[in-house]
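Chains as they are written, first to last, in the numbering used here: chain A, -17 to 88; chain B, -17 to 88; chain C, -17 to 88; chain D, -17 to 88. Idealized CB from N, CA, C, for every residue including glycine. I have placed the structure first, in the form of structure tokens, so that the comments after it can refer back to it.
There are 4 protein chains.
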Amino acid sequence: MDSVDGLRDRLRDFAAARDWEQYHTPKNLAMALSGEAGELVAELQWVDDAGAVAGLAEGGLKDRLADEAADVLLYLIRLTDVCGIDLVEAANAKIDRNETRFPPTT
Amino acid sequence: MDSVDGLRDRLRDFAAARDWEQYHTPKNLAMALSGEAGELVAELQWVDDAGAVAGLAEGGLKDRLADEAADVLLYLIRLTDVCGIDLVEAANAKIDRNETRFPPTT
Amino acid sequence: MDSVDGLRDRLRDFAAARDWEQYHTPKNLAMALSGEAGELVAELQWVDDAGAVAGLAEGGLKDRLADEAADVLLYLIRLTDVCGIDLVEAANAKIDRNETRFPPTT
Amino acid sequence: MDSVDGLRDRLRDFAAARDWEQYHTPKNLAMALSGEAGELVAELQWVDDAGAVAGLAEGGLKDRLADEAADVLLYLIRLTDVCGIDLVEAANAKIDRNETRFPPTT
């Protein structure tokens, strides 16, 4: 099964088993996504580019970023699912449009 | 090919063809992700839950949310790619942990 | 009159004159604040530190940042006002605590 | 002294006494602001409007929001200070423009 479809199904089951569907409104999920995006950006706020590379090589930063990136992805998949949006199709359509908007330079 | 792997490869090619890899540092991509998450949340800021349902049914809101969700996903995939993070593995690991943290109630 | 009190009063009058108080719930205003913070961070996403300095000196970036910073401040003042929070008192209390948490090094 | 000027001066002294001015670049401060805005929105993500009112009356939510709002304000003041932006002037100018863009309805 495709990874996004698989995660979508796991999140549906997770919410249903906890009776959390009532909280998963578009507004609430968008706020949760925004909060997690804030946590992700906060992991990188005080490092410079060299510090980010070093932190990623050392491992601690990489694990923390992976954890925050996972949270963002999960809320994004759940939000688009409750809104009836095909996330992967939308992402591919966006790259299609960007390829026209920004012609290759090389 | 898995959808996330496919998008990751398209984004790699897109950046390489425009010589944009130099701009795709972890900090810059995290900021871009944060900006797109802000645009997504802004689409829902003034509607109430009933208004969100109506806006999604009517279509305009759904298209705008799909577009912003696509932007968030693309920067998230690109950020984790340049950081050497397996995004789908991290997301599945997060659901595994949440299943332990929040036992089902039903 | 203190500047924050003055802005708070202008925002109260602005909302009342347009019958917008009904939309100014804590959730909606927090979402609006988050959206504006996203616009602010987006202004700086592709520049490096030297580019930010150059952009500020040239003027265009400074004007755009001022505009986005204003939006963030206005929603922050309005949000705390509807929540009955004294924003300036909270900010001074936070610096007080930080002075204890992070003793001066020089 | 005006409250914003007072907070700006306290933040200048705070950064200087800890040799933190080197970290207070526009990019880093914008990221820190974005992270704090994410924490603020997260405080309201699962409550509905009635729940927000109840949480504010009970006190715990009000204290947490005050704390997060303070963080947002402090980074906003510090960011605009290092960028040479007059934050209060920008905010008043923004209300001036909005009064023209959105004529009163009552």
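Which value, in whole angstroms, describes the spacing of the CA atoms of C/Tyr57 and D/Asn74?
13 Å
For this session: Closer than 8 Å by C-beta to A/Val70: which residues in its own chain qualify, once you throw out the five before and the five after it? Chain order, please.
Result: Asp(-16), Val(-14)
Own chain partners of D/Ala72 with C-beta closer than 8 Å, once the 5 adjacent residues on each side are dropped:
Thr62
According to DSSP, is B/Asp49 helix, strand or coil?
helix
Less than 9 Å between CB atoms is the rule here; does A/Val23 satisfy it with respect to chain D?
yes
Item to complete: Express the C-alpha separation of D/Ile77 and B/Phe(-4) in angstroms, rounding to a whole number.
Response: 41 Å
> Does the separation of the CB atoms of C/Leu55 and C/Leu47 fall below 9 Å?
Replying inline: no
Mind checking whether the beta-carbon of B/Leu22 lies closer than 8 Å to any heavy atom of the ligand PLP?
-> Among the components of this structure there are no ligands whatsoever, and the ligand PLP is therefore not found.
- prompt: My guess is that C/Thr104 and D/Asp31 are in contact by the Cβ rule of under 8 Å, so how many angstroms apart are they, rounded?
  reply: Because residue 104 of chain C is not part of the residues shown, which for chain C are -17 to 88, the question remains open.
Here's the rule I'm using: 16 or more other beta-carbon atoms within 10 Å means buried, otherwise exposed. How should B/Asp(-9) be labelled? exposed
Q | Three-state secondary structure assigned by DSSP to A/Asp(-13) | A | helix
Residues of chain D with CB closer than 7 Å to the CB of A/Ala19, please, in chain order.
Gly20
How long is the line joining the alpha carbons of D/Glu25 and D/Leu43, rounded to whole angstroms? 7 Å
Is it true that the CB of B/Ser16 sits closer than 9 Å to the CB of A/Leu11?
no
Straight-line Cα distance separating C/Ala19 from B/Tyr5 | 21 Å
Short CB-CB distance (under 9 Å) between D/Ala12 and chain B: yes
Checklist entry - Counting only beta-carbon atoms, is B/Leu(-7) nearer than 9 Å to chain C? => result no
DSSP three-state assignment for B/Leu69, whether helix, strand or coil: helix
Quiz prompt | C/Ala14 burial status per 10 Å Cβ neighbour count (16 or more: buried) | solution = buried
_Let me check understanding here. Comparing Cα to Cα, which of C/Ala52, C/Pro86, C/Arg79, C/Cys65 lies closest to C/Leu(-11)?_
C/Ala52
Fill in: Simplified DSSP state of A/Thr87, which is helix, strand or coil
coil
### Query
Does the separation of the CB atoms of B/Arg90 and A/Pro86 fall below 9 Å?
The structure shown does not extend to residue 90 of chain B, since chain B is modelled only from -17 through 88, so no value can be given for it.
Discussion item. Using 9 Å as the threshold, is the C-beta distance between D/Lys9 and C/Ala34 below it?
Written reply: yes
7 Å Cβ cut-off: residues of chain B touching D/Ser16
Ser16
Inset, instruction - Please confirm if B/Leu26 has its CB atom under 9 Å from at least one CB of chain F. - result: The chain inventory of the structure shown lacks chain F, comprising the protein chains A, B, C and D.
What in chain A is Cβ-close to B/Thr62, meaning under 8 Å?
Leu47, Ala48, Ala51
Looking at chain A, is there any beta carbon in it that lies within less than 9 Å of the beta carbon of C/Asp31? yes
Q.
Once the 5 residues before and after C/Ile59 are set aside, which same chain residues still bring their CB inside 8 Å of it?
A. Val(-14), Leu(-11), Arg(-10), Leu(-7), Leu69
Using C-beta distances below 8 Å, list every residue in its chain close to A/Cys65, excluding the 5 sequence neighbours before and after it, in chain order.
Pro8
For B/Lys9, go through chain D and note every residue whose CB falls closer than 8 Å to its CB, in chain order.
Lys9, Met13
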